[in-house]
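*Asks:* The structure that follows is given in the form of structure tokens.
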Amino acid sequence: MRIATLALIGAATMGLSACAKTGMDTGTPMAGGQRATATLMTANGVDVGRATATEVAGGVRFTLDAKAMAPGTHGAHIHTVGRCDAPDFTTAGGHWNPTGMKHGSMNPQGPHEGDMPNLVIGTDGRGTIGMTIPGATMAGLLDADGAAFVVHAGPDDLMTDPAGNSGGRIACGVFQAS
């Protein structure tokens, strides 16, 4: 048993070393990688934060820095269309889902590429999230109709199709290459 465990540890270490030597670590910053940003606005035009998409090795890293939002837990997603028409932001379309999966990280048939972790806003109105989506591309994000970052009124249950029962859309921002 002990020899098998040591062999497993050795194999895992060699596998990780091989990835590091070839520069294939998903999430590693890329020199000259593309970036896109989205300023999130409420239906009343109030700036409530900034989402950033950064090309990294093997995928795209998304971050959100939110401000001046209602405290609590909110669903957060990348949507398929780069439009944010008030008051309900439905012009942003559905979740970014180029692989045709079901919604949610807790769904055995998911997640969509656009499914982000829940955004937790503190009593000071601020919150952040960050996530690298392996396999995502900036070309896919910034396709002909663009993409948007949307924050919902309630928490995402991380399972129910199509949007995790996260309620109405309360903030939206269109990604622009930067």
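For the sequence shown, the residue numbers in mature numbering (1 follows the signal peptide of the UniProt record, and there is no 0) are -20 to -1, 1 to 158.
No residue lacks a Cβ here, since even glycine has one placed at the ideal position from N, Cα and C.
Just so it is clear, the structure is predicted and the values come from calculations on it, not from any experiment.
So, is Ser158 buried or exposed, given that buried needs 16 or more other C-beta atoms within 10 angstroms?
*Replies:* Ser158 comes out exposed.
*Asks:* Which of the three DSSP states, helix, strand or coil, is assigned to Thr70?
*Replies:* Residue state, collapsed to three classes: helix.
*Asks:* Helix or strand or just coil, what does DSSP make of Ala116?
*Replies:* Coil, per DSSP.
*Asks:* Let me check one thing: in DSSP terms, what residues is Pro9 bridge-paired to?
*Replies:* Per DSSP, Val36.
*Asks:* To which residues of the same chain is Ala56 closer than 8 Å at the C-beta, ignoring the five residues directly before and after it?
*Replies:* Around Ala56: Leu44, Met96, Pro97, Asn98, Leu99, Ile109, Phe129, Val130, Val131, His132, Asp136.
*Asks:* Applying the criterion that 16 or more other CB atoms from any shown protein chain within 10 Å of the CB defines a buried residue, is Met4 buried or exposed?
*Replies:* Low confidence applies here, because Met4 scores a pLDDT of 49, under 50, leaving its location unreliable; read the following figure in that light. Burial call: exposed.
*Asks:* So, is Ala16 buried or exposed, given that buried needs 16 or more other C-beta atoms within 10 angstroms?
*Replies:* Buried, since its Cβ has 16 or more Cβ neighbours within 10 Å.
*Asks:* Would you call the region 29 to 48 and the region 60 to 67 touching, i.e. three or more CB-CB distances under 8 Å?
*Replies:* Flag = no, the region 29 to 48 and the region 60 to 67 do not touch.
*Asks:* According to the Cβ coordinates, are Gly153 and Val61 closer than 8 Å?
*Replies:* Contact: no.
*Asks:* With DSSP as the reference, please indicate the residues paired to Thr44 in a beta bridge.
*Replies:* In the sequence as presented, Thr is not what sits at residue 44; that position holds Leu. In DSSP, Leu44 forms a bridge with Ala31, Ile109.
*Asks:* Helix, strand or coil: which one does DSSP assign to Ser158?
*Replies:* Note: Ser158 maps to coil in three-state DSSP.
*Asks:* Am I right that residue 163 and Pro142 are in contact with their C-beta atoms under 8 Å? What's the rounded C-beta distance?
*Replies:* With the chain running from -20 to 158 in the structure shown, residue 163 is simply not present.
*Asks:* Just how far apart, CA to CA, sit Leu121 and Met10?
*Replies:* Rounded to whole angstroms, Leu121 to Met10 spans 17 Å at the Cα level.
*Asks:* Going along the chain, which residues of its own chain have a beta-carbon closer than 8 Å to the beta-carbon of Gly147, five neighbours each way excluded?
*Replies:* Hits under 8 Å: Gly55, His132, Ala133, Gly134.
*Asks:* Might you give, ordered along the chain, the residues of its own chain that have their beta carbon closer than 7 Å to the beta carbon of Ala(-17), omitting 5 neighbours on each side?
*Replies:* Residue confidence is low: Ala(-17) scores 41 on pLDDT, short of 50, so the model does not pin down where it sits. No coordinate-derived value is stated.
*Asks:* State the DSSP-derived secondary structure class of Leu99, mapped to helix, strand or coil.
*Replies:* Of the three classes helix, strand and coil, the one that applies to Leu99 here is strand, per DSSP.
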